[in-house]
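Sequential numbering of the sequence shown, starting at 1, is according to the UniProt record's numbering.
Note that CB positions come from ideal geometry on N, CA and C, so glycine has one too.
Okay, structure first, notes after.
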Amino acid sequence: MLAHLHRLVMISWVSTWEANINLTITPTVTSVLEANNIASILSTVLHILQVCLIPMYSKVSDITGRAEVYTFALVLYIISFVIMANAQNYDTLVGGRVIYGIGKSGCSIIAPILIGDMTNVINRGLMQALYNIPALFGMFVAPIVAGALLAKGQWRWAYGINSILLFVTSAPLIFSLWNVDFKARRLMKSEAEQEETPQQEAKEPFYKKVIWVLNEVDMIGSIFLIAGLCLILLPCVLANTRWGGWGSPITIGTLVAGLISWILFALWEWKGALKPIIPATKWESRTPLWGVLATTTVHMIATTNWQYFLTYLQVSRKVSPTKATYLERGYSVVFVLIQTVVGYLMKRQRVWRPFVWVGTSLLLLGVGLMIPARVPTSSDAFVVISQAIAGLGSGMLDVPLMVAVQSSVPHNDLSIVTALYQMGGSLGSAIGSTMAGAIWNAMLPSLIKKYVPGEYDYEKIVRNIKYAISLPDEQYQGVVTAYGEVQRVLSIIAVCVASLTFFFSIPMRSFGLDESEEDRIKANAGSSTPTTKDEGDSTKYGLTTLDSTTKSKV
């Protein structure tokens, strides 16, 4: 287990490294490409893809094995940075982000599943927290590297370095996973030969195997879901910026098509899907679903209130990209540190629910303090303190919620419920980034007209940070005031969403972490008979699930 954890830590480090590099350079890159005002599209596209792909990757990893899924995802992950490094316009950057989303989704889901495979309930929270510790290095060092590259105009190398680091750090884990996979397949083959029972199903036509796999991952439902999210969320950002307003034919047509996609998705999941993406009726306990809703709101808070925060800091305070990132990172640093403390306390005290209540209260306090902290005239220290308090609350929530969700279902369903949990986070992020983009682009035109005197080029102000801060002082102060008004509204919305986190955590059933699986499921379901996974189709067409075979060897 320690060997695998060591390799997972390397993946955690490089993943957070590239995320912090991206965070630092995105405002500058989108300004260079004259698209800073629609930068939220990058986050929206990423999180929409994750909503659909995370459960799909989870199911496929149970069918084919962890090694195949991780290798496929990693290849796309690396390719995406090559595409973004060579982007000559914003549309190409978005295209690279699509490939990035497909690859990162697979890599991000495998780690929590492997940790769940390797640990018991008592140690799971601590191991998950330790997995996140390498993020601290990336938070402090990556902005310096990104800032140095930006200062020399070498932002493309920021993407290029990420592709190289991903390849080097992932090699040990890939080798290990394939080694375990090979041994598991050899063991299964040996057992099958000893039993000498003919596999009639394996002789079925290839197209039937394909249909079975597509049903297992609910491909039709995934297509309807991703279409509905894209067609509803993207117009919120693009309607006024690129499509000619809400009354334009393309905007109306896109929204209508999105509504139809949602209706078809609901009907398919209700009546047609053999293995629905959202297994609402799979478990008697509703604790997993309440936990998913809670983490959805937490991610909505982050993306709504943080989407344009770096742009706002660079414009309103004339700070460098590196310093802006450090001001923002107070949240993430405390988030990671408190996870380790909470994981240890959960291991010692065998409880999880008190941490959720305290975390929710601190999150609400921190986000509330951001309303006065983010005005243009507030001190940098106030910004960092409000970020840190919110990070403290969010960090206290994250690990207990995941452990509660994972531990409320049979172990056979671990990968499914983990995917559902991460899917909720991605959905919240997609909605939050879309809300931020829509509000930002809806409010700024009138506010800039109100506060900025004289003649000015609105498109250049909102698309390019350097142009905004180079305006004459009177006009510049007007831009700062306008940006501050929008940021205040985003912070108020975040406070409202934070209150929902508390309400969603109330119905979650409490249980001790040292209870047996059967007792935990009984406590959550309020029933004497736990709901277990139907394994009837797990080995159909010779595609035996490798999950149960490899768990004992990982």
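Asked, Found
"With DSSP run on the structure shown, which of helix, strand or coil describes Met84?", "helix"
"Quick check on Ile174: does DSSP put it in helix, strand or coil?", "helix"
"Check for me: the alpha helix (DSSP H) holding Thr241 runs from which residue to which?", "Note, Thr241: premise wrong, no alpha helix (DSSP H); not H, not E."
"Contact between the segment 161 to 173 and the segment 14 to 24 is defined here as three or more beta-carbon pairs at a separation below 8 Å; is this criterion met?", "yes"
"Would a C-beta distance cut-off of 7 Å place Thr30 and Pro321 closer than the cut-off?", "no"
"Do Ser176 and the ligand PLP come close, with the Cβ less than 6 Å from some heavy atom?", "This structure lacks the ligand PLP, and indeed carries no ligand of any kind."
"Report all residues from its chain with a CB closer than 7 Å to the CB of residue 555; omit the five preceding and five following residues, and keep chain order.", "Lying outside 1 to 554, the shown extent of the chain, residue 555 is not represented and no answer is given."
"Nearest to Tyr70 by CA position, among Leu42, Val141, Ser176, Thr340, is which residue?", "Ser176"
"Applying the 10 Å Cβ sphere with the 16-neighbour rule, what's the burial state of Val210?", "exposed"
"In terms of alpha-carbon separation, which member of Ile79, Tyr312, Ser429, Met56 lies closest to Gly221?", "Met56"
"Measuring alpha carbon to alpha carbon, tell me which of Lys275, Ile161, Ile232, Lys271 ends up nearest Glu216.", "Lys275"
"At which residues does the alpha helix (DSSP H) containing Ser386 begin and terminate?", "380 to 407"
"If you draw a straight line from the C-alpha of Ala390 to the C-alpha of Thr360, how long is it?", "9 Å"
"Cα separation between Glu485 and Ser248?", "28 Å"
"So, with DSSP's three-state summary, where would you put Thr545?", "Confidence is the limiting factor: at Thr545 the pLDDT is only 41, short of 50, which leaves the residue's position unreliable, though a coordinate-based value still follows. Here Thr545 sits in coil by DSSP."
"Tell me the residue span of the alpha helix (DSSP H) that contains Leu293.", "287 to 306"
"Look at Asn240 and Asn36 and say whether their C-beta atoms are less than 7 Å apart.", "no"
"Which residue marks the beginning of the alpha helix (DSSP H) containing Thr322, and which one marks its end?", "321 to 349"
"Let me know if Ser516 comes out buried or exposed under the rule of 16 or more other beta-carbons within 10 Å of its beta-carbon.", "Interpretation of Ser516 is limited by its pLDDT of 48, a score under 50 that renders its predicted location unreliable; no figure is taken from the coordinates."
"Check whether the segment 132 to 152 touches the segment 304 to 322, taking contact to mean three or more Cβ pairs, one atom from each stretch, closer than 8 Å.", "yes"
"Would you kindly work out how many angstroms separate the C-alpha atoms of Met10 and Pro134, rounded to a whole number?", "8 Å"
"Report the residue ranges of all beta strand (DSSP E) runs contained in full by the segment 415 to 461; include only those spanning at least 3 residues, in chain order.", "none"
"Among Ser105, Gly425, Glu68, Ala73, which has the Cα closest to the Cα of Trp178?", "Glu68"
"Return the first residue and the last residue of the alpha helix (DSSP H) that Arg353 is part of.", "353 to 373"
"I think Thr26 touches Leu42, with their Cβ atoms under 8 Å apart; what is that distance to the nearest whole Å?", "7 Å"
"Would you call Ser446 buried or exposed, if buried means 16 or more other Cβ atoms sit within 10 Å of its Cβ?", "exposed"
"Nearest to Leu392 by alpha carbon, out of Val356, Glu269, Leu187, Ile492?", "Val356"
"Run through DSSP, which three-state label would Pro376 get?", "coil"
"When the Cα of Arg66 is compared with those of Ile174, Lys104, Arg7, which residue comes out closest?", "Ile174"
"Which two residues bound the contiguous alpha helix (DSSP H) that contains Lys262?", "Before going on, a small fix: residue 262 reads as Trp here, not Lys. Taken as a continuous stretch (DSSP letters only), the alpha helix (DSSP H) holding Trp262 covers 249 to 267."
"Quick one: using the 10 Å Cβ neighbour count with 16 as the cut-off for buried, is Thr501 buried or exposed?", "buried"
"With the cut-off set at 7 Å, would you say Leu76 and Met84 are in Cβ contact?", "no"
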